[in-house]
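If you read the protein sequences in the order shown, they are chains X and B.
Okay, so the first sequence: first residue is 56 according to the working numbering, each after it adds one.
Okay, so the second sequence: first residue is 593 according to the working numbering, each after it adds one.
Ideal placement from N, C-alpha and C gives every residue a C-beta, glycine not left out.
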Amino acid sequence: MTESTNARSIRSLMKPKPMRPTVFWRLAEDIPKPLQTGLMITSIALPLLLWWAVTTFANIDPKFLPSPADVLHAFGRLWSTRELLKDTVASLWRVGVGFIFAAALSIPVGILMGSFPSIRALLEPIFGLMRYMPAPAFIPLLILYLGIGEEPKIMLIFIGVFFFNSLMVMDTVKFVPKDLIESTYILGGNRWETLTQVILPHVLPGIIDACRINLAAAWQLVIVSELIAATEGLGRRISVAGRFLRTDEIFVGLIVIGIIGLAFDLLFQYLLRVSCHWASQKR
Amino acid sequence: MFLEINNLNKQFQTKNGTLIVLKDINMLIAQGEFICAVGASGSGKSTLLRQIAGLDRPTSGEVMIDGKPITGPGPDRGMVFQHYTLYPWMSVQENAEFGLKLQGVPKKERREQASYYLNVVGLTQFAKALPKELSGGMKQRVAIARALASEPKVLLMDEPFGALDVHTKEAMHEFMLDLWRRTNITIFMITHDVEEAVFLSNRIYALGARPGTVRKEMLINLPNRSHTVKRHSTFHDYRDELMDLLRLHGQEAVALAA
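Written as structure tokens, this is what we have:
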């Protein structure tokens with residue numbers, strides 16, 4: 056009796072709230088493919104169009120904001136003198152060496168940290184501390200210890216990638232289900248076989264993803280290192296262009312850096328898809 | 593006896609002192625039996641199974657298989673977990689072969705053996721599929737085939753059908769009985785599902801909770817083992833007796849429901 060009157064009274068206090076059907080504002084739901092493609096194209100095309108419109112119609116000093124055509128022109132100029140290629144190769148080489156070193160060490164270290172609580176206890180505190188020291192803050196020390204050649208730049212990338220990557224790889228290992236490890240013991244596997252034949256394949260997608268994220272950091276660090284001291288490189292190109300007010304070349308440098316970074320990302324996503332077909336979310 | 597559990601005790605040290613999980617467990621299991629240990633949560637049934645599997649060591653007492661004490665996990669005991677434990681990057685065939693691979697069986701022999709047991713569980717046509725392409729019941733059948741491929745002395749099952757829907761569960765029950773008859777393997781299964789235990793096993797250990805003890809041992813003699821037997825009065829008698837045995841009383845019930 057009281058219950059039913061209670062229910063009626065509380066219902067009368069509830070405000071009706073209609074939920075209209077929508078396409079654009081769907082929460083965590085797929086949107087139609089054409090809309091998705093359209094929005095993705097807009098994402099790149101709209102800023103380009105705005106840039107073009109502003110520089111064409113709003114009489115802006117090209118030293119302040121060059122037009123897309125100016126930038127394209129500068130790109131052609133830097134390409135024909137082979138300077139751009141030289142800079143790109145120099146930056147890629149530094150990132151390549153630094154990142155490969157860091158990955159080659161951090162992946163096994165991270166797997167060991169994730170697999171063995173003893174190794175984790177030994178390394179996690181110092182890695183956790185080092186991770187919060189921004190890699191660029193090491194530049195003065197690196198110059199002091201290693202001079203101004205290639206070594207400090209590669210070392211900077213190493214520092215910026217190694218600690219983060221180790222900890223991220225460690226985390227992916229922690230997510231290997233305990234049941235899966237125990238199943239392997241029961242099937243007759245020893246610790247080594249469990250590590251190499253179960254934990255390793257299970258964490259491979261996580262490792263590729265960690266490397267993808269940390270390669271982005273490496274790519275940023277190489278540019279930072281070149282802004283400070285280098286004779287060639289994309290960062291160097293931007294800093295020189297800035298000094299001589301060649302704004303168009305700054306834009307060329309930025310766009311090339313962005314496109315190469317995006318290419319890295321897509322490459323790793325592709326790698327993940329082909330090597331770990333089993334881990335993809337979609338059927 | 594084939595599988596012997598002698599005066600097994602298991603305690604854990606917690607912040608609030610010593611927690612006795614299993615107390616004076618004694619079990620004797622003969623070859624070819626289908627045994628269910630039934631108990632509510634808190635009866636330590638999973639802990640018991642872990643001692644038999646060798647994943648954990650008892651505080652005192654021992655588990656013997658074929659006259660030898662168990663010191664660690666090994667392929668003489670196959671195990672099927674409640675949660676799917678297939679290797680997601682391996683095909684069904686590779687999953688079924690993996691135990692044999694770990695034990696150094698050559699490729700040709702392990703392929704034949706795994707194929708044989710995939711056929712036994714009726715999944716030959718899914719040999720190339722990845723686990724994510726299978727339903728829950730099919731995954732458990734692969735896990736059973738994988739365990740059987742090593743020809744274990746005993747198959748341990750940790751609430752293997754707990755995550756399945758009622759219909760799949762029923763189909764798996766029929767499947768298990770058929771498998772048991774055909775392979776004549778010894779099965780030790782733990783479950784909280786009283787009907788499941790009565791339907792499947794030839795003998796039941798009813799476990800009381802906090803601490804886990806054997807409250808009663810029951811021999812199950814059903815007129816037949818088809819699903820219609822569940823409407824039979826004998827089935828109901830066993831079920832009701834077990835339910836009464838396992839029913840939680842007073843404070844215990846309040847504490848568990850909270």
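Partners in chain X for residue i, counting only beta-carbon separations shorter than 7 Å
{"i": "B:T677", "result": "D234, L235, S238"}
{"i": "B:G666", "result": "G243"}
{"i": "B:F690", "result": "L242"}
Residue i CB to nearest heavy atom of the ligand MN below 7 Å
{"i": "X:A318", "result": "Among the ligands in the structure shown, none appear at all, so the ligand MN cannot be discussed."}
Status (buried if at least 16 other CB within 10 Å, exposed otherwise) for residue i
{"i": "X:R338", "result": "Note that X:R338 has pLDDT 37, beneath the 50 cutoff, so the model's placement of it is unreliable and the number below is only indicative. X:R338 comes out exposed."}
{"i": "B:Q717", "result": "exposed"}
{"i": "B:E751", "result": "buried"}
{"i": "B:K700", "result": "exposed"}
{"i": "B:N813", "result": "exposed"}
{"i": "X:R149", "result": "buried"}
{"i": "B:L816", "result": "Here residue 816 of chain B turns out to be Asn, not Leu, going by the sequence shown. Classification for B:N816: exposed."}
{"i": "X:S64", "result": "exposed"}
{"i": "B:Q685", "result": "buried"}
{"i": "B:E689", "result": "buried"}
{"i": "X:S173", "result": "exposed"}
{"i": "X:S146", "result": "buried"}
{"i": "B:P744", "result": "buried"}
{"i": "B:G624", "result": "exposed"}
{"i": "X:Y200", "result": "exposed"}
{"i": "X:L68", "result": "exposed"}
{"i": "X:T118", "result": "First, the amino acid is wrong: residue 118 of chain X is Lys here, not Thr. Per the 10 Å Cβ criterion, exposed."}
{"i": "B:G884", "result": "There is simply no residue 884 of chain B to check, as chain B begins at 593 and stops at 850 in what is shown."}
8 Å Cβ cut-off: residues of chain X touching residue i
{"i": "B:K808", "result": "Neighbours of B:K808 on chain X: none; closest Cβ ~29 Å, over 8 Å."}
{"i": "B:P698", "result": "Per Cβ cutoff of 8 Å: no residues; B:P698 is ~15 Å from chain X at best."}
{"i": "B:S742", "result": "L242, G243"}
{"i": "B:L647", "result": "E237, Y240, I241"}
{"i": "B:R669", "result": "I241"}
is_contact[residue i, chain B] using C-beta, thresh 8 Å
{"i": "X:W333", "result": "yes"}
{"i": "X:L300", "result": "no"}
{"i": "X:L242", "result": "yes"}
{"i": "X:M56", "result": "Confidence is the limiting factor: at X:M56 the pLDDT is only 48, short of 50, which leaves the residue's position unreliable and the question unanswerable from this model."}
Below-8 Å beta-carbon distance, residue i vs any chain X residue
{"i": "B:S633", "result": "no"}
{"i": "B:F780", "result": "no"}
{"i": "B:Q695", "result": "yes"}
{"i": "B:K602", "result": "no"}
{"i": "B:P680", "result": "yes"}
{"i": "B:L722", "result": "yes"}
{"i": "B:M749", "result": "no"}
{"i": "B:R733", "result": "no"}
{"i": "B:F673", "result": "yes"}
{"i": "B:G754", "result": "no"}
{"i": "B:F594", "result": "no"}
Chain-ordered chain X contacts of residue i [CB-CB under 9 Å]
{"i": "B:G636", "result": "Near B:G636 there are no residues of chain X at all, since even the closest Cβ is about 18 Å away, more than 9 Å."}
So if I threshold CB-CB distances at 7 Å, which residues from the region 244-261 of chain X count as touching chain B? G244, E248, V253, P256
Is there contact between the region 141-159 of chain X and the region 207-224 of chain X, where contact requires at least three CB pairs shorter than 8 Å? yes
Which residues, in chain order, does the region 175-201 of chain X contribute to contact with chain B at a C-beta distance below 8 Å? none
Between the region 289-306 of chain X and the region 602-615 of chain B, are three or more C-beta pairs nearer than 8 Å? no
Using 8 Å as the Cβ pair cut-off and three pairs as the minimum, do the region 267-277 of chain X and the region 72-88 of chain X touch? Judged by Cβ distances under 8 Å, the region 267-277 of chain X makes no contact with the region 72-88 of chain X, as fewer than three pairs qualify.
Stretch pair the region 763-777 of chain B + the region 315-324 of chain X: three plus CB contacts closer than 8 Å: no
Quick check: the region 773-785 of chain B against the region 802-816 of chain B, are at least 3 beta-carbon pairs closer than 8 Å? no
Check whether the region 111-123 of chain X touches the region 256-265 of chain X, taking contact to mean three or more Cβ pairs, one atom from each stretch, closer than 8 Å. no
Any 3 or more C-beta pairs closer than 8 Å across the region 739-753 of chain B and the region 790-803 of chain B: Contact between the region 739-753 of chain B and the region 790-803 of chain B is not established, with fewer than three Cβ pairs separated by less than 8 Å.
Counting Cβ pairs closer than 8 Å, one from the region 665-679 of chain B and one from the region 704-721 of chain B, do we hit at least three? Counting Cβ pairs under 8 Å, fewer than three are found: no touch.
Could you say if the region 220-233 of chain X and the region 173-191 of chain X meet the contact criterion of at least three C-beta pairs nearer than 8 Å? The region 220-233 of chain X is in contact with the region 173-191 of chain X.
The region 240-251 of chain X in contact with the region 130-146 of chain X per 3-pair CB rule at 8 Å: With the cut-off at 8 Å, the region 240-251 of chain X and the region 130-146 of chain X do not touch.
Touching or not, the region 641-659 of chain B and the region 328-337 of chain X, by the rule of three or more beta carbon pairs under 8 Å? Cβ pair count under 8 Å is below three, so no.
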